[in-house]
Amino acid sequence: MYLGIDLGTSGVKAMLIDGDQRVVGSATGKDVATARPHAGWSEQDPADWIRATEEAIAGLRAAHPAELSAVRGIGLSGHMHGATLLDAEDKVLRPCIMWNDTRSHREAASLDADPRFRKITGNIVFPGFTAPKLAWVKNNEPDIFAKVRWVLLPKDFLRVWLTGEHLSEMSDSAGTSWLDTGARKWSSELLAATDLEERQMPGLVEGTDAAGTLRPELAARWGLGESIVVAGGAGDNAASACGMGTVREGAAFVSLGTSGVLFAANARYLPNPESAVHAFCHALPDTWHQMGVILSATDALNWHSRVTGASAADLTKELGETLRAPSGVTFLPYLSGERTPHNDAAIRGAFLGLGHESGRVVLTQAVLEGVSFAIRDSLEALKSAGTKLSRVTAIGGGSRSRYWLKSIATTLGLPVDLPADGDFGAAFGAARLGLIAATGADPVAVCTAPKTAETIEPEAALGAAFEDAYQRYRRLYPAIRAAY
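One gets the working numbering by counting positions in the sequence shown from 1 and adding 1 to each.
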């Protein structure tokens, strides 16, 4: 048996799989709160991650005690970019500054103006990345900065609790702005530019490598055996790619989660920071990936749900399943800024083209279209970075809406595959990495793609209408930006 632990933005999911990669069971630890004390801020207490992990493991033990006791390997996944700061005694110095926190936009712009960062990392220094957050802490919380012994990413904080080891892996570390992405190692030059040293960084392994063993006291409490291997693991998107089998050149998926991601696997390192595409290491050795990221996907629909007082499910149900031509109302989903392609932390969302006739259904349609158009922006950015896609697979909570998938397929002009029933997300990918680390299995042989249950084709009759609406969407960003 193998265990995947995925630290999400709102909770922790733990999943058990057997040696044939059949899912035995899963459980969640919920209610990880996000604090937003100021505009653009987003923080979490790492103690909540431990509590939620304990809750998830307790749920698995209650439902599958015998299977849990047979676990041989554990894989970790987690949201990326978060700055989790520990002192010399591994005590947390302040709440984690999260991936969607944009307070460090000035520091990010300053670092990005240093040509070494794009040259070495292959990426723009985005405000959500880790390095500018440490620059912000140095500028605004110097007493805390002076005590920093370890800078850890969220899942690697869990690793310290699980194993006592200060280690990370390539896919997650590529999102810090300190990794030499092509060489797959820390850049002492870039660390020095933020007044840090390599000794303050975790050691680096591949995601498929063993990266510690479970503490005996935790193994005993959970009813596990001795010497349980904990894999390097992966950042959440790379872990989802391992779960989806998106590890070979040309394979791609679109993820409709809190944020939106268009992810493509690459056999070689293909940086093109000018397009605001992320060029990161994959969780598998000698593999990279490109990724377009939008900061609000289902988050945009959830915002609309809070404002209207209707659930997200009811809002999409009102639309039905028959795709409609765009109405003329356009939604810009920049509720917390945007990454690809704009790299703009200050921009905010908007509805445009509203009239007396614009009811709730029209607004819901515009929200789904706005996210679809933002994903199209990522597709165009990937094309400019040298990646051509022929189809994508849809994952994430938003993929439950057939209307949304039809909108995305028609906007992208690409078939969208739906995997057969099963959970192939980050927790499953993490469990696969735990299996590989524990057994030494061939990563490519393990990380295969699921069967396709259905393919949603672009609706040709609406293609021109969606293209016109997308071009209008493209024109609105510079107009709104100029007003800001």
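For glycine and all other residues, C-beta sits at the position ideal for the given N, C-alpha and C.
As the structure is a computational prediction, the values presented were derived from the model and not from experiment.
Q) Over what stretch of residues does the beta strand (DSSP E) that includes C243 continue unbroken? A) Here C243 belongs to no beta strand (DSSP E); instead the alpha helix (DSSP H) covers 237 to 245.
Q) With 16 as the cutoff for other CB atoms within 10 Å, does D237 come out buried or exposed? A) buried
Q. Where does R62 land, buried or exposed, given buried means 16+ other C-beta within 10 angstroms?
A. buried
Q. Apart from the five residues on each side of it in sequence, which residues of its chain come closer than 8 Å, Cβ to Cβ, to E198?
A. S189, L192
Q) Residues in its own chain within less than 7 Å of R249 by CB, not counting five upstream and five downstream? A) A266
Q. Leaving out five residues before and five after A240 in sequence, what residues of the same chain have Cβ atoms less than 6 Å from its Cβ?
A. S78, A427, G430, A431
Q: Evaluate contact between the segment 327 to 340 and the segment 294 to 307, counting only Cβ atoms and requiring at least three cross-stretch pairs below 8 Å.
A: yes
Q: Would you give the residue range spanned by the beta strand (DSSP E) that Q291 belongs to?
A: 289 to 295
Q) Which partner residues does Q22 have in the DSSP bridge list? A) Looking at the DSSP assignment, Q22 forms no beta bridge with any residue, so it has no partner.
Q. Under the rule that 16 or more other beta-carbon atoms within 10 Å means buried, what is A48, buried or exposed?
A. exposed
Q.
At the level of alpha carbons, what is the spacing between R349 and H106?
A. 14 Å
Q: Using beta-carbon positions only, say whether F251 and I376 come within less than 7 Å of one another.
A: It should be pointed out that residue 251 corresponds to Gly in this sequence rather than to Phe. Not in contact: G251 and I376 (Cβ atoms no closer than 7 Å).
Q | Same chain only: Cβ atoms within 6 Å of R73, ignoring 5 sequence neighbours per side | A | A439
Q: Consult DSSP for N273 and reduce its assignment to one of helix, strand or coil.
A: coil
(Q) Assuming T85 is part of the beta strand (DSSP E), what are its boundary residues? (A) 85 to 87
Q: Could you name the residues that DSSP lists as bridge partners for P420?
A: T453
Q: Spatial neighbours of T449 within its chain, please: CB distance less than 7 Å, with the 5 preceding and 5 following residues excluded, ordered by chain position.
A: G246
**Q.** the segment 135 to 153 contacting the segment 18 to 28, beta-carbon criterion three pairs below 8 Å
**A.** no
Q | Exposure label - V330; buried when at least 16 CB within 10 Å | A | buried
Q. What do you reckon, are the CB atoms on L257 and G387 nearer than 7 Å?
A. no
Q. Taking the continuous alpha helix (DSSP H) assigned at T54, which residues delimit it?
A. 47 to 64
Q.
Three Cβ pairs or more, each shorter than 8 Å: is that satisfied between the segment 273 to 289 and the segment 198 to 217?
A. yes
**Q.** Residues of its chain near L271, where Cβ-Cβ distance is below 8 Å and the 5 sequence neighbours each way are ignored
**A.** A280, W289, Q291, A386, G387, T388
Q: Name, in chain order, the residues that DSSP records as bridge partners for M81.
A: DSSP lists no partner for M81.
Q: Less than 8 Å between the CB atoms is what I'm expecting for A175 and C243, so what's the real figure, rounded?
A: Wrong, their Cβ atoms sit about 15 Å apart, outside the cutoff.
Q) Can you name the start and end residues of the beta strand (DSSP E) that I125 belongs to? A) Here I125 belongs to no beta strand (DSSP E), and DSSP marks it neither H nor E.
Q. Mind pulling the beta strand (DSSP E) runs of 3 or more residues that sit fully within the segment 353 to 433?
A. 393 to 396, 417 to 420
Q) Going straight from the alpha carbon of G224 to that of I145, what length do you get? A) 38 Å
Q.
Suppose you measure from the CA of A64 to the CA of L17; what does that come to, to the nearest Å?
A. 11 Å
**Q.** Cα-Cα separation between A253 and L419, rounded to whole angstroms
**A.** 12 Å
Q: Say whether the segment 358 to 378 touches the segment 464 to 478, bearing in mind that this needs 3 or more beta-carbon pairs closer than 8 Å, one atom from each stretch.
A: yes
(Q) On the DSSP letters alone, give me the boundaries of the alpha helix (DSSP H) that D173 sits inside. (A) 171 to 174
**Q.** Closest residue to L159 among G213, E358, L434 (Cα-Cα distance)
**A.** G213
Q. Should S172 go down as buried or exposed, given a rule of 16 or more other Cβ atoms within 10 Å for buried?
A. buried
Q. Is the closest heavy atom of the ligand GDP to the C-beta of R160 under 6 Å?
A. The ligand content of the structure shown is nil, which means the ligand GDP is not present either.
**Q.** Own chain residues within Cβ distance below 7 Å of W42, not counting five before or after
**A.** D102, R104
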